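>
There are 2 protein chains.
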Amino acid sequence: MKTRVLLIEDDLNITELVRYNLERADYKVESVADGEEGLYLAAQDTPDVILLDWMLPNLSGLEICRQLRRNEETANVPIIMLTARADEPDRVRGLEIGADDYVTKPFSPKELIARIQAVLRRVRPALAGHELRFEDISLDNVSHRVMRNDTLIHLGPTEYRLLRHFMENPGRVFSREQLLDSVWGHDVYVEPRTVDVHIRRLRKAMNEGDGKDYIRTVRSAGYALDKHR
Amino acid sequence: MKTRVLLIEDDLNITELVRYNLERADYKVESVADGEEGLYLAAQDTPDVILLDWMLPNLSGLEICRQLRRNEETANVPIIMLTARADEPDRVRGLEIGADDYVTKPFSPKELIARIQAVLRRVRPALAGHELRFEDISLDNVSHRVMRNDTLIHLGPTEYRLLRHFMENPGRVFSREQLLDSVWGHDVYVEPRTVDVHIRRLRKAMNEGDGKDYIRTVRSAGYALDKHR
DNA sequence: AGTTAATGTTACAGATTGATGGCACTTTAG
DNA sequence: CTAAAGTGCCATCAATCTGTAACATTAACT
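Chains as they are written, first to last, in the numbering used here: chain A, 2 to 230; chain B, 2 to 230.
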């Protein structure tokens, strides 16, 4: 699946430059010139990264950043600020408010991509083609392989995404609804109980034989990947 | 707990500058001038962030970065490169190899700190993760876990919400009616005395064995979380 | 001390919630 | 095109939680 980038930028030249280069590097780029619209789109269909111009008509980039962080949907999406201002105070303010990184115009497309990758490696290691690990489980998103103690584990597509989601957020409890949203997709409707079934299948596949169960059930709250007990 | 920073830098002036500023900002700083030693220390006692000079005698910063990533212990520690080189190709190489960020000398201490924070926000969502503390009790609302003196405490859903409510308002006395309202919900009707039962269950679970009882009964008023006596 | 209201404790039946196996239907691979 | 794999949903069983009432104990008065 392509990495989805939301570009909020009013300068069309830059928009085109970024779009061209990112698409060539196999990203999916959505762009808007207006801050309000950016906020709306971001909440609507959460992207993997947001590139945010500092200077925008109406709302400032800083303000947008703040609002993105405030919204549940977008609070955890990494934000990279694009700006002409090289002066430090602004940079610091941007980072303090919750931007993850900062690229100064003019920037080279290669650097921009490298920074996007660096930031993604943190948030969603799997997107950056990194191997995820949790205890004796490893998940390689390039080869789409899951190993436990060097034994290959076979998972169906849904179980794979489910496990990946857990491994990207170890320890965190997700409700069935949250899981449906982020693993199945925000637009499909399936019974929340169906999650139980897939959890069951995932557990079965993972704990084949010896293995301890790393999926923790939290009654009336959801599930988490965790070395519990 | 203080954030532990490992600084690998051979220029003593910079080392002192960074140390002074970070310690003032309440970080714990370990510093080494040599790459080999840095690798050793990092693996020995894994820090929260590594600040890595680009130009080092013997091993280059780039090579150290690579090796840090290769080692299981340090593979996930965020790395911020410090460098005088402003030229893009190097920056890109650093980021590609696995550095998380990049600060160009001369840098301002404030910016460095802001970048450390930005990077940590990514690595340890726990930092943003709502952890409530009261004396030796901790309640993490992201992982839905309650610990007392590092011992995991199991609570039923209602006891969990009850404790959370108390920990969000430590010291404050709540009547049974208030508790029913905010813990059970304003629309359900249950006997006020039922609160007693849940208080009892919460106390029992929390004070398993040694523990002092932090729930104070206020006769004819209600209950509070409090280190009384 | 004795009285009384308030709180502590316990047991239990009923209600919730999660686990599991089966099944019909869809998608994918060969 | 067929067989195999994957998916979602349901019915059922099992585990756990919940609210209540009954009884015990305590604290605050006279």
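We put the beta carbon where it would ideally sit given N, CA and C, even for glycine. Note that the structure is a prediction, hence the values are computed from the model and not measured.
Grab me the residues of S183(B)'s own chain with a C-beta within less than 8 Å of its C-beta, minus the 5 sequence neighbours each way, in chain order.
Same-chain partners within the cutoff: H166 and F175.
> Let me check one thing: in DSSP terms, what residues is M56(B) bridge-paired to?
Answer is none; M56(B) lacks a bridge partner.
> Where in the stretch 39-84 of chain B do unbroken runs of the beta strand (DSSP E), each at least 3 residues long, occur, reported from the N-terminal end onward?
Taking only runs of at least 3 residues, the beta strand (DSSP E) segments lying wholly in the stretch 39-84 of chain B are 50-54 and 80-84.
> Can you pull the chain A residues whose beta carbon is under 9 Å from the beta carbon of R202(B), in chain order?
Here the premise fails: no neighbours, minimum Cβ distance about 14 Å.
> How would you label H187(B), buried or exposed, when you count the other beta carbons within 10 angstroms and need 16 or more for buried?
It is exposed - the Cβ of H187(B) has fewer than 16 other Cβ atoms within 10 Å.
> Would the beta-carbon of S32(B) fall within 7 Å of that of T47(B)?
Taking 7 Å as the Cβ cut-off, S32(B) and T47(B) do not qualify as a contacting pair.
> Determine the chain B residues that contact R116(A) at a beta-carbon separation under 7 Å, and present them in chain order.
Simply L96.
> Distance cutoff 7 Å, beta carbons only. Does D151(B) sit that close to anything in chain A?
Not closer than 7 Å to any Cβ of chain A, the Cβ of D151(B) fails to qualify, so no.
> With V33(A) as the anchor, note down where its alpha helix (DSSP H) starts and where it stops.
No alpha helix (DSSP H) contains V33(A), which is instead part of the beta strand (DSSP E) from Y28 to V33.
> Where does the unbroken beta strand (DSSP E) through M148(A) begin, and where does it stop?
Where M148(A) is concerned, the enclosing beta strand (DSSP E) stretches over R146 to R149.
> Does the Cβ of A119(B) have 16 or more other Cβ atoms within 10 Å, making it buried, or fewer, making it exposed?
Looking at its Cβ environment, which holds 16 or more other Cβ atoms inside 10 Å, A119(B) is buried.
> Assess, as a yes-or-no matter, whether the stretch 153-161 of chain B is touched by the stretch 197-207 of chain B under the definition of 3 or more beta carbon pairs within less than 8 Å.
Verdict: yes, contact present.
> Looking only at DSSP bridge pairs, what is R25(A) linked to?
Paired residues: none, contrary to the question.
> Secondary structure at L156(B), three-state DSSP: helix, strand or coil?
Coil, per DSSP.
> Does DSSP put F167(A) in a helix, a strand or coil?
F167(A): helix per DSSP, three-state reduction.
> For D197(A) and chain B, any beta-carbon pair shorter than 7 Å?
No, no contact with chain B.
> Provide the residue span of the beta strand (DSSP E) that contains R220(A), from first to last.
Element bounds for R220(A): n/a, residue is neither H nor E.
> Grouping DSSP H, G and I as helix and E and B as strand, with all else coil, what is R5(A)?
R5(A) falls in the strand class under three-state DSSP.
> Does the beta carbon of G62(A) sit closer than 7 Å to a beta carbon anywhere in chain B?
No, because no Cβ of chain B sits closer than 7 Å to the Cβ of G62(A).
> Start and end of the beta strand (DSSP E) containing D102(A)?
First-last of the beta strand (DSSP E) with D102(A): D102 to T105.
> By the three-class DSSP mapping on this structure, what secondary structure does L18(B) have?
Looking at L18(B) - three-state DSSP - the assignment turns out to be helix.
> Below 8 Å between beta carbons is the criterion; list the residues of the stretch 178-197 of chain B that meet it against any residue of chain A, in chain order.
Cβ contacts with chain A: none found.
> Buried or exposed: L121(A), going by 16 or more other Cβ atoms within 10 Å of its Cβ?
So L121(A) counts as buried.
> Using a Cβ-Cβ distance under 7 Å, would S139(B) count as near chain A?
So no, S139(B) is outside the interface.
> Measure the CB-CB distance between N72(A) and A26(A) and report whether it falls below 7 Å.
Result no, Cβ atoms of N72(A) and A26(A) do not sit closer than 7 Å.
> Taking D102(A) as the query, report the chain B residues whose CB atoms sit under 8 Å from its CB, ordered along the chain.
The contacting residues are D102 and A119.
> Take A85(B) as the anchor and find which of S144(B), K111(B) and Y103(B) has the nearest alpha-carbon.
Selected option, being the one with the closest Cα: Y103(B).
> Near I98(B), what residues of its chain come up, given a Cβ to Cβ distance below 8 Å and the 5 sequence neighbours on each side ignored?
Answer for I98(B): L63, C66, R67 and R70, listed in chain order.
> Secondary structure at E178(A), three-state DSSP: helix, strand or coil?
DSSP places E178(A) in helix when its eight states are reduced to three.
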